[in-house]
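Data first, discussion second: the structure below is written as structure tokens.
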């Protein structure tokens, strides 16, 4: 009871500023498409929300519960494939298909959980990779169901209607923007709820010391699976959204090991086990990888006249920097790990805390 | 499936498994001593492959001879990686260790891409596609040679770990880091040594596979996954285990391809991997130390 | 007020790039420069680089905006959107992979930006009726049909075995090959899919050998072709013909493996000795510039960029006019005659004549169809 009161107090106290902040940011984000019509900008925002959603989903099982799954592509792909298969072969609109995808992901999660949660530490990591790979190869081989390596290409999405009123026909980016925004906010809310409930207490107890948690009467199997299911549900939603958004899926885009690693990266770079860590991670990684990918820095330097396009430096920037972007990405990952072991968010928190201490 | 087909796939499975074993041994030593899963292991192997390639094309050194140079160079490379990067995160959270090795892998493969372009490089020796016939079974010459070299290296490494003082110190570190430190073993130095040995093994595997395979910057990732499977199968930290694990995976892949089908063979491999994890998580060779 | 500021800022940002080069024609190029598909993507980059130089000689200055999609559809979409709305390009050449092209194609119609796909093989890309999507290369089904046609002029084979990579390209090529073989009454004795990059095919090949097929049909997009042929020789698999669908069997590296490449036939979009205008010359200049021989991807990308830039420049960068120009135009360059037609369910698809080439005495010779052939085909196959 006391801890509950403490928690309430913490929400009322320091939390108020945060809650107001979140609501304000959310309001700005909801208004954003009214001011910015550039589809490119909206596309980047959608990728940012999607990354937030994926990173936060992983955060529940990886960050709060301490089970480092490197096989989350399995849930992403399950969601994407279920929705796409139902839509293209059975004409079931995605807003129903998504829930079938969620159900499928829950089943997959429980199967994986039952198998993998008996293992700990590195063994769990490797088992999660193995299961995801089995699912990928299966999707590749069940050609009757998934069209195998050819992938599923979607031409049209049926308009979303209530009664006879067409709410949206998905022809612009705006509906995608709002769907992904709502999903990301929902995920943040869920994370907050988890953190401030008994559930979060169980999860974190398991993360800190499994044996101690067990001796306190916490049922490891049940709570680990609960965390995984929550995580899988939202990862599956992310996968379904991706499928409808990109309109093309194949096993190498929605089920690879690369994707699993990407999901983990978002969370760890931002800072795991915190509500906003994955948000920060997505905020760092999405623009960064886009800037590096599209070589905006080099183009900007050239366009601004600082570097001539014909000069050796200009040619180097234009021709070679584009090839180097994954390298730069890798270097940044290493820097973050070596110098910000608690992620970007944790790093700044430490700095702020130090300053406060200094001031006091 | 006739008997000769089965026999053929058994033989080629064993021979390919030899090279797999070497990759697995490298990973298992690193894991055994540091408890770090090295996601960049395949990329280290890739570095070894490029080394072999350039020694061959620029200096005309035969790939099998070149391991005399690649092995020490890769040892140095691994030791430097450990000294500069991995040693800093030994005590930190496991997810950070994973991420660091992923980052290092990305740096390695993309530096290779910048330096050598992403072209496929093919190393053609006079014996790249030679084989001889033994009772109706064809045996690849380069594969047989690399298998024998693997056996020799494994035996030498085993001797080193069992019989020398340094080897025993490494084993002690693997068993219990803190106790080893208390006993006056320089644990950091042992870690550098083991990562060096691990990298040298991966590099050698790269050299051995070069005459029959091809080389490109992203070649590593497929082998990283394979190395994980082998290491777990044999028992993390067990050299004998990794050797057996490598051969088993080679054989399973090969036999599954003919007995079931080549598109499902990876599922067979991963299922066996999971079964071993569940039934005997410590791997085939039991205890989780060398 | 806020809206105005944002708008003004947006306009400034949008008008920055390219403002000083009014005379240039701005073309986007989406390619896979990094990631697993990068080795082939590099050929496309080189082809486009050559095209830009040649266009300059013709008096057409191209302001090229290069975008890397890393082989991922969502990044390809981002690249396309950037090109369409921020860079305001007249047209786009790319993307390289089928997955990325599939994702981007629908957007081309949405933004009304002409998209010329240079080398992606997936049939569906030009089967969806998109007005602004054009494709230069022949789709996956032709890779297999041209090979079968070539074999039928030589023999009536009875059995066929397939071994192919488990990618989109591999499975769609073999799918059409199977349909075609069935029609011709050729019996399938083996169907083996493999994971791209596998180091060991010996057991699979032994299994195929035990079935003793007349024809072995292989699809490999990369250097697996070399591994496959090396190991086939090792175990002594000798059919009457080795047929290779696609890139892996048409590279200079494959050719250099003299022991194993001799007499293998492969379908290709382009060869360097074909009598299409400028093809041998392109090959010569390319080899001199990049120190390696061009693949058909390079030729496809080169020609796609030539066609797109010329059309766009003729129409002063107007997207709709460029689109109509592509639709109405006819070209005859290093890829032979090009025009974008609607047929058999395809829209804006160049009915490209694919070629069959065979390695003879350490050289690629074009052996089919007859009117482009430099040498007659050698049949049956025999190990060197």
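Chains as they are written, first to last, in the numbering used here: chain S, 376 to 735; chain D, 5 to 294; chain X, 645 to 1028.
Don't be surprised by glycine CBs; every beta carbon is placed ideally from N, CA and C.
Chain-order list of residues whose beta-carbon lies under 7 Å from that of residue i (same chain, five-residue window excluded)
i	result
residue 74 (chain D)	52, 55, 56, 207, 208 and 211
residue 277 (chain D)	233, 236 and 237
residue 959 (chain X)	965, 966 and 969
residue 841 (chain X)	868
residue 204 (chain D)	75, 78, 79 and 82
residue 679 (chain X)	714 and 715
Residues of its chain near residue i, where Cβ-Cβ distance is below 8 Å and the 5 sequence neighbours each way are ignored
i	result
residue 1042 (chain X)	Since the first residue shown for chain X is 645 and the last is 1028, residue 1042 (chain X) is missing from the structure and cannot be characterised.
residue 802 (chain X)	830, 831 and 858
residue 815 (chain X)	808 and 837
residue 495 (chain S)	585
residue 796 (chain X)	828
Per-residue contacts from residue i into chain X (C-beta, under 9 Å)
i	result
residue 18 (chain D)	None at all; the shortest Cβ gap to chain X is about 11 Å.
residue 698 (chain S)	677, 678, 682 and 712
8 Å Cβ cutoff, residue i in contact with chain B
i	result
residue 415 (chain S)	Annotation note: the requested chain B is absent from the structure, which comprises protein chains S, D and X.
Beta-ladder partner(s) of residue i, from DSSP
i	result
residue 536 (chain S)	S:541
residue 671 (chain X)	X:708 and X:735
residue 624 (chain S)	S:527
residue 863 (chain X)	X:808 and X:889
residue 142 (chain D)	D:137
residue 661 (chain S)	Per DSSP, none; premise fails for residue 661 (chain S).
Amino acids of chain S, ordered along the chain, whose beta-carbon sits closer than 8 Å to that of residue i
i	result
residue 815 (chain X)	518, 523, 524 and 525
residue 743 (chain X)	526, 623, 625, 627 and 628
residue 747 (chain X)	621, 622 and 623
residue 725 (chain X)	414, 415 and 418
residue 47 (chain D)	Near residue 47 (chain D) there are no residues of chain S at all, since even the closest Cβ is about 10 Å away, more than 8 Å.
For residue j and residue i, believed in contact at Cβ under 8 Å, the rounded distance
i	j	result
residue 777 (chain X)	residue 759 (chain X)	5 Å
residue 447 (chain S)	residue 635 (chain S)	5 Å
residue 886 (chain X)	residue 863 (chain X)	12 Å between Cβ atoms; not a contact.
residue 481 (chain S)	residue 629 (chain S)	Incorrect: roughly 18 Å between the Cβ atoms, too far for contact.
residue 853 (chain X)	residue 881 (chain X)	4 Å
Residue i, enclosing beta strand (DSSP E) - first and last residue
i	result
residue 816 (chain X)	Where residue 816 (chain X) is concerned, there is no enclosing beta strand (DSSP E), although the alpha helix (DSSP H) it sits in stretches over 812-828.
residue 909 (chain X)	909-912
residue 991 (chain X)	990-994
residue 1007 (chain X)	1007-1012
residue 986 (chain X)	984-987
residue 977 (chain X)	975-977
Interface partners of residue i on chain D, CB under 9 Å
i	result
residue 688 (chain S)	Within 9 Å Cβ-Cβ: nothing; residue 688 (chain S) doesn't reach chain D, min ~17 Å.
residue 874 (chain X)	132, 133, 144 and 216
residue 582 (chain S)	The premise fails here: residue 582 (chain S) is roughly 11 Å from chain D at the closest Cβ pair, so nothing lies under 9 Å.
Amino acids of chain S, ordered along the chain, whose beta-carbon sits closer than 9 Å to that of residue i
i	result
residue 223 (chain D)	Result: empty, since nearest Cβ-Cβ is about 15 Å, beyond 9 Å.
residue 96 (chain D)	712 and 716
residue 730 (chain X)	413, 415 and 416
residue 722 (chain X)	415, 418, 419, 422, 665, 668 and 669
residue 812 (chain X)	523, 524, 525, 526, 625 and 627
Close Cβ partners of residue i (< 6 Å) along its chain, the five nearest in sequence each way excluded
i	result
residue 542 (chain S)	535
residue 745 (chain X)	739, 761, 764 and 769
residue 677 (chain X)	685 and 712
residue 387 (chain S)	Only weak support exists for where residue 387 (chain S) lies, its pLDDT of 48 falling under 50; the coordinates are left without a value.
residue 891 (chain X)	865
residue 578 (chain S)	439, 440 and 602
Chain-ordered neighbours of residue i on chain X, where CB pairs are closer than 8 Å
i	result
residue 262 (chain D)	847, 848, 850 and 851
Neighbouring residues, chain D, relative to residue i (Cβ below 7 Å)
i	result
residue 648 (chain S)	Under the 7 Å cutoff, chain D gives no residues; its nearest Cβ is about 10 Å from residue 648 (chain S).
Unbroken alpha helix (DSSP H) run spanning residue i, endpoints
i	result
residue 431 (chain S)	414-433
residue 788 (chain X)	784-796
residue 718 (chain X)	717-725
residue 839 (chain X)	It is not in any alpha helix (DSSP H) - residue 839 (chain X) carries neither H nor E in the DSSP assignment.
residue 709 (chain S)	700-714
Cβ-heavy atom distance, residue i to the ligand SAM, below 7 Å
i	result
residue 58 (chain D)	The ligand SAM is not among the ligands present in this structure, which contains no ligands whatsoever.
Cross-chain neighbours of residue i in chain S, by beta carbon under 7 Å
i	result
residue 85 (chain D)	Residues of chain S passing the Cβ test: none, with the nearest at roughly 11 Å.
residue 684 (chain X)	Within chain S, no residue comes near residue 684 (chain X); the closest Cβ sits about 15 Å away, beyond 7 Å.
Proximal residues of chain X, C-beta to C-beta of residue i below 7 Å
i	result
residue 668 (chain S)	712, 714 and 719
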